[in-house]
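Before any comments, here is the structure.
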Amino acid sequence: MSARTFGVEEEYLLVDAGSFLPTPAAPLLLGSVRGSAAVALAAELKAEQIEAVGAPARSHDALLAGLREGRRLADDSAREVGARAVAVATSPAAFEPHLSADERYDRMAERFGLVAREQFTCGLHVHVGIGSPEEGIAVLDRLRGWLPALLALSTNSPLSAGVDTGFASWRYQSWGRWPTAGPVGIWGDLAQYRRVVASLTSCGVLLDEGMLYFDARLSRAHPTVEVRISDVPLHAEDSALIAVLIRALADTAVRDASAGVPPVPLPTPVIAVSSWLASRHGTTGDLVDPVDGCPAPASAVLARLLDHAGRALAEAGDEEVAVRGVERVLARGTGAERQRAVWERTASPAAVIADAAEATRA
């Protein structure tokens, strides 16, 4: 049986190539971008950001190659208009974001006021192929407790608007102002998922299903589960690691569901606290162990994740990549730690962004 497909979307901050301060370059960039068979560039909510959408892959190496191609294409296209594309999940520098020219974004700004006007975050979205929506529900119900560990691995937004926020992922805190953002409960079946979606989209708050900003959801456009909890990581290999772990968790969930193993009934508020801890400390503090509901060091929770998904990782040929990848992040630190180290040396948002620009393409 062939490996389950997976794919990624990464969002990047656009900055002036000279000052390394945010610039609304997306319209000009998208007007001159050269095509790529592996990656498409797309506009986002703000003109100071761009999204790279990768093609589906079946192997870690193919996915990582696509990630690097997306970063190269985004940055090369940005350079052609005097800008750079940088993998940071919030802007270290203060600026006034500009809404992208789009009727849907105009409606969002009108309906959500300051939340939409101030919103500026760059995330990593991982899509994992599913055989049916019902299979997707089985994955969502068994994936939920592990999502904070994935956020911890990705953390890359300690600074915002010239301030050290004290968080490893300020993006997750900022994103939480949207009405549907965050963890959800166990769905149980597809009918319940659809009932909740219908209720949320009919209450006059959301524009459409695209504003279901759950930490993980069924994609409305693709036959996938879409995991949205992560910051865009500073390093491409960390994005690939997170995608590999998500695919293995999905494979494990499908196997457990087929064997009649129920999802762990971890209360949603407990998952919310674990996500908050991941946002606050990244991999350097505690999370909530999704198996027993007790506090544990992030490193221990990640070790448990590797054990839980070990069979699926081995069957996909990803075991070594996953184990070494987690070890690498724990030893080297996340993007949040690197950003904060540069900030502590320089107190310069531009210096932090310039350093991140080099790491983005490394």
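When you read off a place in the sequence shown, starting at 1, and then add 679, the result is the number in my numbering. Even glycine gets a Cβ: it sits at the ideal position worked out from N, Cα and C.
Review point. In the segment 787-874, which residue ranges form an unbroken beta strand (DSSP E) of at least 3 residues, counting only runs that do not cross its ends?
Key: 802-808
Check your understanding: In terms of residues, what are the limits of the beta strand (DSSP E) holding Glu689?
Key -> 685-695
Review point. Would you call the segment 940-950 and the segment 823-835 touching, i.e. three or more CB-CB distances under 8 Å?
Key: yes
Check your understanding: How about Gly841 and Ala773: do their beta carbons lie closer than 8 Å?
Key -> yes
Point to revise | Inter-residue spacing [alpha-carbon to alpha-carbon] between Gly802 and Pro902 | key: 21 Å
Check your understanding: How many Å lie between His739 and Gln871 at the Cα?
Key -> 34 Å
Exercise for review: Can you give me the Cβ contacts of Arg959 inside the same chain, cut-off strictly under 7 Å, excluding the 5 residues immediately before and after it?
Suggested key: Within the same chain, Arg959 has close Cβ partners Phe846, Ala847.
Review point. In chain order, what residues of the same chain have a beta carbon less than 7 Å from the beta carbon of Leu707, not counting five sequence neighbours either side?
Key: Val760
Exercise for review: Express the C-alpha separation of Leu1009 and Thr963 in angstroms, rounding to a whole number.
Suggested key: 8 Å
Practice item. Pair every Cβ in the segment 777-795 with every Cβ in the segment 909-920, then say whether three or more of these pairs are closer than 8 Å. Key: no
Point to revise | Assigned secondary structure, Ala951 (DSSP; H/G/I helix, E/B strand, else coil) | key: helix
Exercise for review: Tell me whether Leu693 is buried or exposed, calling it buried when 16 or more other Cβ atoms sit within 10 Å of its Cβ.
Suggested key: Buried is the call here.
Point to revise | Segment contact, 8 Å Cβ cut-off, at least three pairs: the segment 802-815 with the segment 903-918 | key: yes
Practice item. Could you work out which residue in Gly889, Tyr851, Glu723 is closest to Pro862 when comparing CA atoms only? Key: Answer by Cα proximity: Tyr851.
Point to revise | Neighbourhood of Arg786 by C-beta distance below 7 Å, restricted to the same chain and skipping five residues each side | key: Non-local C-beta neighbours of Arg786 in its own chain, meaning closer than 7 Å and more than five positions away in sequence, comprise Leu886, ordered along the chain.
Practice item. Give a yes or no on contact between the segment 1003-1019 and the segment 824-838, applying the rule of three or more CB pairs nearer than 8 Å. Key: yes
Practice item. Identify, in the order they occur along the chain, each residue of the same chain with its Cβ nearer than 8 Å to the Cβ of Ala734, setting aside the five sequence neighbours on each side. Key: Residues Gly686, Ala716, Ala717, Val718, Gly745 of the same chain have their beta carbon placed closer than 8 Å to that of Ala734, with the five preceding and five following residues left out of the count.
Exercise for review: May I ask you to report which of helix, strand or coil DSSP gives Gly939?
Suggested key: coil
Review point. Which term fits Pro912, buried or exposed, when burial requires 16 or more other beta carbons within 10 angstroms of its beta carbon?
Key: buried
Check your understanding: From which residue to which residue does the beta strand (DSSP E) around Leu700 run?
Key -> Element bounds for Leu700: n/a, residue is neither H nor E.
Review point. When you compare each of Glu916, Arg1017, Glu689 to Ala731 by their alpha carbons, which one comes out closest?
Key: Ranking Glu916, Arg1017, Glu689 by CA distance to the CA of Ala731 puts Glu689 first.
Review point. Around the Cβ of Ala721, are there at least 16 other Cβ atoms within 10 angstroms (buried) or fewer (exposed)?
Key: Exposed, because fewer than 16 other Cβ atoms sit within 10 Å of the Cβ of Ala721.
Practice item. Please list, in chain order, all residues of the same chain as Gly972 whose beta carbon is under 7 Å from its beta carbon, the five residues on each side excluded. Key: Leu945, Val949.
Check your understanding: Would you report the Cα separation of Pro974 and Val712, rounded to the nearest angstrom?
Key -> When rounded, the separation of the alpha-carbon atoms in Pro974 and Val712 is 47 Å.
Check your understanding: Between Ala788 and Ser836, is the Cβ-Cβ spacing less than 8 Å?
Key -> no
Exercise for review: For Pro974, write down the residues that DSSP places opposite it in a beta bridge.
Suggested key: Val967
Point to revise | Cutoff 7 Å; reference Ser779; Cβ partners in own chain excluding five residues on either side | key: Ala705, Ala722, Glu723, Leu724, Lys725, Ala726
Practice item. Less than 8 Å between the CB atoms is what I'm expecting for Thr1039 and Val805, so what's the real figure, rounded? Key: Not confirmed; about 18 Å, so no contact.
Check your understanding: In three-state terms, what does DSSP make of Arg713?
Key -> The three-state reading of DSSP puts Arg713 in coil, since its state is none of H, G, I, E or B.
Review point. What did DSSP end up calling Glu1006 once you bin it into helix, strand or coil?
Key: DSSP places Glu1006 in helix when its eight states are reduced to three.
Review point. Which residue's Cα is closest to the Cα of Arg1003: Pro827, Ser1027, Ala982?
Key: Ala982
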